[in-house]
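Novice: Numbering (this note's numbering), first residue to last: 913 to 1276.
Just so you know, even glycine gets a beta-carbon here, dropped at the ideal spot from N, CA and C.
Following this message is one structure expressed as structure tokens.
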Ligand code: GTP
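Printed below as a string of structure tokens:
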């Protein structure tokens, strides 16, 4: 069935092929969309969000560490979805990645296809975006979000009807606070028309090309919750917001100050707060304080340690009384006792930082 009918159930593509370099070393083994966020892989929140608007078929555009996705989600049946996987041997960029999965789509040329960046948390109304797309008979409809400091992004001005007039590079004097939020509705035929087999960027090539051809590139502005979780600080914030219910996700049944995974052992006098997630099999010692942090599985935090705003990789250990603020510990790393790690520090996977305790022998 080809259609512009409102009854068409949209299909979706999620772009998950990036290297996630800003989240290294965590992304050396696990692609960014598979990092645990509020108790489940980040991508699960996006699958559930797509389910909520009736999507049944999702194609994952993978490249980096592609095998990890299928191993976890299989055919998607456990989420009530049919998931297809396509792997780029050489990364094709955002537009190239979308084009590369076109033959897995089943809708006709006018059918709407939702495309999500695999690293964005958004609370905007996807149904309303689809509705605007249909009403305007757009080639593509972009979610636009207003940000406080648009100088850090390229901006996307629109006219009085919400039609996009330009895609502007970063500048110290942006003409609007609107930026591309990384959630699109494409007319399927527009995807088919992207050049195949070569790297293409939607932001730099596809969208400007559509504007030049006078196609309807529609903006859907909604200033809902929006966060690109590409950096460690944003990743912990996104996870904490999901845990506390600042952004609702069907994957978080009971929002609260913390989320503790199965088999974790948390000392009675340890304090977990600020939307902290404690993964399965973790051990949190007496008097430890963990605030606004994400602990993957099998992490040990020893007695008296404090961990704030940090991401702690699988199997990592933090020694007694150590204090960590806004840091990333790679999988299976070890920070000995009495260390202090601050703002932006990254400990590589399996690295060992010895105890920092100064010991004096009798007679010194
Ligand atoms: P950084 O390396 O930290 O910048 O992260 P990233 O690699 O994820 O890049 P970026 O945040 O710009 O990517 C935005 C979205 O597009 C993410 O969901 C990526 O997974 C995805 N993406 C980026 N490049 C490609 C690509 O070449 N192919 C595919 N399929 N997806 C991509």
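Tell me which same chain residues have a C-beta within less than 6 Å of the C-beta of residue 931, skipping the five on either side of it?
Specialist: Correct list, in chain order: 976.
Novice: Could you pull the start and end residues of the alpha helix (DSSP H) that residue 956 belongs to?
Specialist: Unbroken alpha helix (DSSP H) run through residue 956: 954-964.
Novice: Is the beta carbon of residue 1034 within less than 8 Å of some heavy atom of the ligand GTP?
Specialist: It does not: the Cβ of residue 1034 is nowhere closer than 8 Å to a heavy atom of the ligand GTP.
Novice: Taking residue 1184 and residue 1198 to be in contact with their CB atoms under 8 Å, please state how far apart those CB atoms are, rounded to whole angstroms.
Specialist: That pair is no contact at about 13 Å.
Novice: Can you tell me which of the three DSSP states residue 930 falls into?
Specialist: Three-state result, residue 930: coil.
Novice: Regarding residue 940 and the ligand GTP, is the C-beta to nearest heavy atom distance less than 8 Å?
Specialist: Residue 940 Cβ: outside cutoff for every heavy atom of the ligand GTP.
Novice: Starting from residue 1055, follow its DSSP beta bridges and name the residues at the other end.
Specialist: According to DSSP, residue 1055 bridges with 1132.
Novice: At what residues does the beta strand (DSSP E) containing residue 1251 begin and finish?
Specialist: Run containing residue 1251: none; DSSP gives neither H nor E here.
Novice: Report the rounded CA-to-CA distance for residue 1021 versus residue 953, giving the unit in angstroms.
Specialist: Between residue 1021 and residue 953, the C-alpha separation is close to 33 Å.
Novice: Check whether the stretch 1029-1037 and the stretch 939-951 are in contact - that is, three or more C-beta pairs closer than 8 Å.
Specialist: Counting Cβ pairs under 8 Å, three or more are found: they touch.
Novice: Which runs of the alpha helix (DSSP H) at least 4 residues long sit entirely within the stretch 1002-1086? Give them in chain order.
Specialist: Entirely contained in the stretch 1002-1086, the alpha helix (DSSP H) runs reaching 4 residues are, in chain order, 1005-1012, 1038-1047.
Novice: Assuming residue 1044 and residue 1132 are in contact, meaning their beta carbons sit under 8 Å apart, how far apart are those beta carbons, in whole angstroms?
Specialist: Rounded, the Cβ-Cβ distance is 5 Å, consistent with contact.
Novice: Using only alpha-carbon positions, find the residue among 1262, 1250, 989, 1089 that is nearest to residue 1240.
Specialist: The option with the nearest alpha carbon to residue 1240 is 1262.
Novice: Between residue 1000 and the ligand GTP, is the CB less than 8 Å from at least one heavy atom?
Specialist: Correct: residue 1000 has its Cβ closer than 8 Å to the ligand GTP.
Novice: Where does residue 1107 sit, in a helix, a strand or coil, going by DSSP?
Specialist: Correct three-state label for residue 1107: coil.
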